[in-house]
Amino acid sequence: MSLLRNVLQRCQRGSGLLQGLRKFSVSASCNQSSSVDVTVDSATGVATLKMQRPPVNSLTLELLTEMCIAVDKLDSEKCRGLILGSGVKNIFSAGLDIGTMYQPDEPRLREFWRTLQEIWIKLYGSQMVTVAAISGHSPAGGCLLSMCCDHRIMAEGRYTIGLNETLLGIVAPTWFQDTLVNTVGHREAERALQLGLLYTPEQALSIGMIDSISKPEDLENEANEAMKKWLKIPAHARHITKLQLRQSTIDRLVKNRQEDIDHFVNFIMKDTIQKSLGMYVAALKKKGGSK
Amino acid sequence: MSLLRNVLQRCQRGSGLLQGLRKFSVSASCNQSSSVDVTVDSATGVATLKMQRPPVNSLTLELLTEMCIAVDKLDSEKCRGLILGSGVKNIFSAGLDIGTMYQPDEPRLREFWRTLQEIWIKLYGSQMVTVAAISGHSPAGGCLLSMCCDHRIMAEGRYTIGLNETLLGIVAPTWFQDTLVNTVGHREAERALQLGLLYTPEQALSIGMIDSISKPEDLENEANEAMKKWLKIPAHARHITKLQLRQSTIDRLVKNRQEDIDHFVNFIMKDTIQKSLGMYVAALKKKGGSK
Amino acid sequence: MSLLRNVLQRCQRGSGLLQGLRKFSVSASCNQSSSVDVTVDSATGVATLKMQRPPVNSLTLELLTEMCIAVDKLDSEKCRGLILGSGVKNIFSAGLDIGTMYQPDEPRLREFWRTLQEIWIKLYGSQMVTVAAISGHSPAGGCLLSMCCDHRIMAEGRYTIGLNETLLGIVAPTWFQDTLVNTVGHREAERALQLGLLYTPEQALSIGMIDSISKPEDLENEANEAMKKWLKIPAHARHITKLQLRQSTIDRLVKNRQEDIDHFVNFIMKDTIQKSLGMYVAALKKKGGSK
């Protein structure tokens, strides 16, 4: 049984109505503390989901699974808005966990990819208003998650954001590309993806990858202000409008999930890619980074 | 028989060659004066069509029908250019007539929507050069009509333009969206449509929704200047080029008209939407607006 | 047998490994000197292809054929980068050769068009990094060739660039349009193509048609610097990424080549188009231009 279903059953603890400011945490395994921290403000119906997997919020199977569960739970609780942020200083998310892709356990690699597809599908078409509060670096999968949202605010500072997969010799899959093209247009996507560009907040703003820049200390506030503005719009009309614009992009993946998984797994397990990942892991270990 | 065909027959008064500056008016019913005012300059082959349905140029079935008839007539007279403007001060058009949609007569509502489709199809692919002279507010359907044109000039002032349907709880249909995406790109369309944004002339210019801003007193002149520039291009090559860029968008609706009408009518007749429209009508009556 | 295959056989002179800075020239006929000048730097694996058909680098069947052969040869030699430039002062390329289209020999006109399709297909999806060094005027076909590249640098000065086909009464085919839409977006493409706009370098930069402007004397240097930056990216991942973004556009033509040729030939051989081309040729002769 998949990790997702497995944990989902453990977590079905009759959520009921929203009551006050409330935290819940979703843990994908019994031995580990949760990688996501969810707070719901029952007065506004707005949830805040913070990734909290130090040091760099690598997107592991567990973290992605917990995000899926949390979003399902918030949907079932009729939450109206979701602020996606980070509980780790200076980093939004470093992207996909390299450890899962290097010398992989194939079934786990497959589930990892399916879960990434799942959270993308859930977030990109979510009925909730979704605001990304990008409090630090946001390369690769971190950038992807933020682009699933309706609105993106990034903290000023020496942070960067972008789909830099090619730098590792990896190809961002078509649905990463579609998401980026929908955000910054075809030509900028060509440059961004081929060169693996990481943008400063100012650059990201100028190409439309983010919607505004805030001082780090104001980020939470501004995310809440943006949320208020979006929540003023009649929710049903807003969501149908969103789907009219995004559903065809979502469908391209939905019709093609198994093929996309096969494609990804075959690609990652190639000797050349494994070698490239190996060198990267070694470099990270020297710096004391990643896992 | 449809209103459109009905009036069309009454109006087939052997148009013949263009002669001098000439006005014609198209009335959709015998009891009403015309809602559009058409002037043709036979020296240039340029027609000016002004909506003139005070107080706010609401797009009623009659006005839309008259626009369709007028455009057909101008086509049959081999007019080369059409300037689309307003004869009502401070307003281009307030968009679709709420009165037709609130507590609707269903057959009439269906014909209303079919006629809106019709004028969009005619204008968006017109063989004429089409220039919108946006002399005032231009929300919703008013914005749509202007975006069907080849070139848009807006008067400076406290006017706004945009597809603000969601504010009323209404979803702009897919072909409104297609038109907007083709004009301002996918990401700005996401923001614009979900938030129901109404842009100032300066904002509209910066996102490419309009092509220039003029002083109100210069608007007519600048529209004529723009028209002259466009008319210098060999007409056949220009029109084929336009169709190569717009026909696939037009075809999406053409293949789908009946379904689109059913969808719209079902949506509008929902209790929740009727309630929302009812509150809006009440608010308008207080201000003494709309009909 | 086609000119392309014909010359290709003559040119198969066992290319082998790259050695030092090396020139090769490809001549499409025995009586003519070559219209393209190719230099390969074996240290970097970067080739420079300069069009050199004075006075204006008109794209003749011979020049296009030689470009196809050269690109094939560079591919077979595993070249990593291609800088596309001009050996003629003040001009990148004036575009398609009018002489081939005016009072045409039909079989030759067909082969001309097929060869243009061929070079577009080869360049737009090339495994090489392609940089256009636009050293002068670049209308019509010249603009198209530059837009096939990954990166465009244009020399400052009184030069212009754009797809100005409509000015001649000609319609840029759908794949020219697709290339432009992918580069500058749908709305700007509408304006550009319908009005046959020729942009200054500053204008071209502001709409994203080019990526930077350089002083004429620095152009070569800056093209090499850009090339270095692009070559740092793992080649395989970069090329797959490019294809993911461009293949669907390429496929639209590939599935449709014969129809596209028929369409073009029928269009060009129309009396009205021939007349228009005739007047243009006469005007050029007065100025002493073109062939």
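Protein chains in written order, with our numbering: chain A, 1 to 291; chain B, 1001 to 1291; chain C, 2001 to 2291. Think of the CB as a built atom: it goes at the ideal place given N, C-alpha and C, for glycine as much as any other residue. These figures come from a predicted structure and were not determined experimentally.
- Message: Could you give the first and the last residue of the continuous alpha helix (DSSP H) run that contains threonine 174 (chain A)?
- Response: Translated into the one-based positions of the first sequence, residue 174 (chain A) becomes position 174. DSSP places threonine 174 (chain A) in the uninterrupted alpha helix (DSSP H) bounded by 174–184.
- Cβ of glycine 1208 (chain B) less than 8 angstroms from any chain D Cβ? Chain labels in this structure do not include chain D; the protein chains are A, B and C.
- Item | Within-8 angstroms CB hit, arginine 1187 (chain B) to chain A | Within the second sequence, numbered from 1, the residue matching residue 1187 (chain B) stands at position 187. At least one chain A Cβ lies under 8 angstroms of arginine 1187 (chain B).
- Query: Anyone know if the C-beta pair for proline 2216 (chain C) and alanine 2155 (chain C) falls short of 8 angstroms?
  - Reply: Numbered from 1 along the third sequence, position 216 holds the residue referred to as residue 2216 (chain C). Numbered from 1 along the third sequence, position 155 holds the residue referred to as residue 2155 (chain C). Against a cut-off of 8 angstroms, the Cβ pair of alanine 2155 (chain C) and proline 2216 (chain C) comes out as a contact.
- chain C partners of glycine 196 (chain A), CB-CB under 8 angstroms? Within the first sequence, residue 196 (chain A) is the residue found at index 196, counting from 1. For the C-beta of glycine 196 (chain A), the chain C residues within less than 8 angstroms are, from N- to C-terminus, Ile2233.
- Query: Along chain B, in chain order, which residues have C-beta atoms closer than 8 angstroms to that of threonine 2174 (chain C)?
  - Reply: Mapped onto the third sequence, residue 2174 (chain C) falls at position 174. Within chain B, the residues whose beta carbon sits less than 8 angstroms from that of threonine 2174 (chain C) are Gln1244, listed in sequence order.
- Using a Cβ-Cβ distance under 8 angstroms, would glutamate 2190 (chain C) count as near chain B? Residue 2190 (chain C) sits at position 190 when you count from the first residue of the third sequence. Yes, glutamate 2190 (chain C) counts as interfacial toward chain B.
- Count the other CB atoms, across all protein chains shown, that sit within 10 Å of the CB of glycine 2085 (chain C); report buried if there are 16 or more and exposed otherwise. If you number the third sequence from 1, residue 2085 (chain C) lands on position 85. Glycine 2085 (chain C) is buried by the Cβ-count criterion.
- Message: With a threshold of 6 angstroms on Cβ separation, who are the neighbours of cysteine 143 (chain A) within its own chain once the five nearest residues in sequence on each side are excluded?
- Response: Along the first sequence, one-based indexing puts residue 143 (chain A) at 143. Scanning its chain for C-beta atoms nearer than 6 angstroms, with the 5 sequence neighbours on each side dropped, one finds around cysteine 143 (chain A) the residues Ile161, Gly162, Leu163, in chain order.
- Item | Where arginine 1238 (chain B) meets chain C, residues with beta-carbon distance less than 7 angstroms | The residue given as residue 1238 (chain B) occupies position 238 in the second sequence. For arginine 1238 (chain B), the residues of chain C that pass the 7 angstroms Cβ criterion are Thr2166, Gln2194, in the order they occur in the chain.
- Message: Here's the rule: buried if 16 or more other CB atoms are within 10 angstroms of the residue's CB, otherwise exposed. What is asparagine 1266 (chain B)?
- Response: In the second sequence, counting from the first residue as 1, residue 1266 (chain B) sits at position 266. Exposed, since its Cβ has fewer than 16 Cβ neighbours within 10 Å.
- Contact with chain C by tryptophan 1120 (chain B), beta-carbon distance below 8 angstroms: What you label residue 1120 (chain B) is simply residue 120 of the second sequence in a count that begins at 1. Chain C, which has no Cβ nearer than 8 angstroms to the Cβ of tryptophan 1120 (chain B), makes this no.
- Message: I'd like the list of long-range same chain contacts for glycine 2081 (chain C), defined as Cβ closer than 8 angstroms, with 5 residues on each side in sequence excluded.
- Response: What you label residue 2081 (chain C) is simply residue 81 of the third sequence in a count that begins at 1. Thr2044, Gly2045, Val2046, Ala2047, Met2128, Val2129, Thr2130, Val2131, Met2227, Trp2230, Leu2231.
- Inter-residue spacing [alpha-carbon to alpha-carbon] between proline 2054 (chain C) and tyrosine 2199 (chain C): If you number the third sequence from 1, residue 2054 (chain C) lands on position 54. If you number the third sequence from 1, residue 2199 (chain C) lands on position 199. Roughly 23 angstroms between the two C-alpha positions.
- Residue range of the beta strand (DSSP E) that lysine 1228 (chain B) falls in? On the second sequence, residue 1228 (chain B) is found 228 positions in, with the first residue counted as 1. Element bounds for lysine 1228 (chain B): not the beta strand (DSSP E) but the alpha helix (DSSP H), 1219–1231.
- Taking a cut of 9 angstroms between CB atoms, which residues from the stretch 2134–2162 of chain C lie near chain A? Flagged, chain order: Asp2150, His2151.
- Query: What in chain A is Cβ-close to glycine 1169 (chain B), meaning under 8 angstroms?
  - Reply: The residue given as residue 1169 (chain B) occupies position 169 in the second sequence. Correct list: Pro234, His236, Ala237.
- Message: Could you check whether the Cβ of proline 2266 (chain C) sits closer than 8 angstroms to any Cβ belonging to chain A?
- Response: For the purposes of this step, residue 2266 (chain C) is identified with residue 266 of the third sequence, where counting begins at 1. Inspection of the sequence shows that residue 2266 (chain C) is occupied by asparagine rather than by proline. Not closer than 8 angstroms to any Cβ of chain A, the Cβ of asparagine 2266 (chain C) fails to qualify, so no.
- Item | Endpoints, alpha helix (DSSP H) assigned at histidine 236 (chain A) | Translated into the one-based positions of the first sequence, residue 236 (chain A) becomes position 236. That run of the alpha helix (DSSP H) goes 235–254.
- Message: Would glutamine 177 (chain A) pass as an interface residue toward chain C - the criterion being a Cβ-Cβ separation below 8 angstroms?
- Response: Within the first sequence, the letter at position 177 stands for residue 177 (chain A). At least one C-beta of chain C is nearer than 8 angstroms to the C-beta of glutamine 177 (chain A).
- Item | Length-filtered (3 minimum) beta strand (DSSP E) runs lying within the stretch 1105–1141 of chain B | Look at the stretch 1105–1141 of chain B and you find these whole runs of beta strand (DSSP E), each 3 residues long or longer: 1129–1134.
- Item | Extent of the continuous alpha helix (DSSP H) run through arginine 1257 (chain B) | For the purposes of this step, residue 1257 (chain B) is identified with residue 257 of the second sequence, where counting begins at 1. Start and end: 1257–1268.
- Query: What residue does the alpha helix (DSSP H) around serine 2212 (chain C) start on, and which one ends it?
  - Reply: For the purposes of this step, residue 2212 (chain C) is taken as the residue at position 212 of the third sequence. Run containing serine 2212 (chain C): none in the alpha helix (DSSP H); it sits in the beta strand (DSSP E), 2212–2214.
- Message: Let me make sure I understand the geometry here. Which of B:Asp1218, B:Phe1092, B:Ile1153, B:Gly1185 has the alpha-carbon closest to that of isoleucine 207 (chain A)?
- Response: By 1-based counting over the first sequence, the position of residue 207 (chain A) is 207. Ranking B:Asp1218, B:Phe1092, B:Ile1153, B:Gly1185 by Cα distance to isoleucine 207 (chain A) puts B:Gly1185 first.
- Measuring CA to CA, which of C:Arg2108, C:Asn2090, C:Leu2277, C:Ser2058 is closest to glycine 2157 (chain C)? Working through the third sequence from its first residue, we reach residue 2157 (chain C) at position 157. Of C:Arg2108, C:Asn2090, C:Leu2277, C:Ser2058, the residue nearest in Cα terms is C:Asn2090.
- Using the beta-carbon count (16 or more within 10 Å), is glycine 278 (chain A) buried or exposed? Residue mapping note: residue 278 (chain A) aligns to position 278 of the first sequence, counting from 1. So glycine 278 (chain A) ends up on the exposed side.
- Contacts around aspartate 2041 (chain C), its chain only, beta-carbon distance under 7 angstroms, and the 5 residues preceding and following it disregarded: Taking the first residue of the third sequence as position 1, residue 2041 (chain C) is located at position 41. Excluding positions up to five away in sequence, the list reads Leu2021.
- Message: Does lysine 1287 (chain B) come out as helix, strand or coil in the three-state DSSP assignment?
- Response: Working through the second sequence from its first residue, we reach residue 1287 (chain B) at position 287. Per DSSP, reduced to three states, the secondary structure at lysine 1287 (chain B) is helical.
- Query: In terms of alpha-carbon separation, which member of B:Asn1057, B:Ile1273, B:Lys1050 lies closest to threonine 1166 (chain B)?
  - Reply: If you number the second sequence from 1, residue 1166 (chain B) lands on position 166. Of all alpha-carbon atoms in B:Asn1057, B:Ile1273, B:Lys1050, the one lying nearest the alpha-carbon of threonine 1166 (chain B) is that of B:Ile1273.
- Query: Mind pulling the chain B residues with CB within less than 9 angstroms of asparagine 224 (chain A)?
  - Reply: In the first sequence, residue 224 (chain A) corresponds to position 224, counting from 1. By Cβ distance, chain B contributes nothing, its closest Cβ being about 16 angstroms from asparagine 224 (chain A), past 9 angstroms.
- Residue from A:Pro104, A:Asp251, A:Leu195 with nearest C-alpha to aspartate 271 (chain A): Position 271 of the first sequence, counting from 1, holds the residue named residue 271 (chain A). That would be A:Pro104, whose Cα lies nearest to the Cα of aspartate 271 (chain A).
- Assuming alanine 172 (chain A) contacts threonine 2241 (chain C) (C-beta within less than 8 angstroms), just tell me the rounded distance between them. For this step, residue 172 (chain A) is matched to residue 172 along the first sequence. For this step, residue 2241 (chain C) is matched to residue 241 along the third sequence. Confirmed, Cβ separation roughly 7 angstroms.
- Beta-carbon of threonine 1183 (chain B) versus every beta-carbon of chain C: anything under 8 angstroms? One-based indexing of the second sequence puts residue 1183 (chain B) at position 183. Yes, threonine 1183 (chain B) counts as interfacial toward chain C.
- Message: Between B:Ile1170, B:Cys1068, B:Glu1188, which has its C-alpha nearest leucine 1145 (chain B)'s C-alpha?
- Response: For the purposes of this step, residue 1145 (chain B) is identified with residue 145 of the second sequence, where counting begins at 1. Residue B:Cys1068 holds the alpha-carbon nearest to the alpha-carbon of leucine 1145 (chain B) among B:Ile1170, B:Cys1068, B:Glu1188.
- Item | Per-residue DSSP class, three states only, for serine 2146 (chain C) | Here residue 2146 (chain C) corresponds to residue number 146 of the third sequence, with the count starting at 1. Of the three classes helix, strand and coil, the one that applies to serine 2146 (chain C) here is helix, per DSSP.
- Query: Can you tell me where the alpha helix (DSSP H) with threonine 2039 (chain C) in it begins and where it stops?
  - Reply: The residue given as residue 2039 (chain C) occupies position 39 in the third sequence. Counting along the chain, threonine 2039 (chain C) falls outside any alpha helix (DSSP H), though it belongs to the beta strand (DSSP E) covering 2036–2041.
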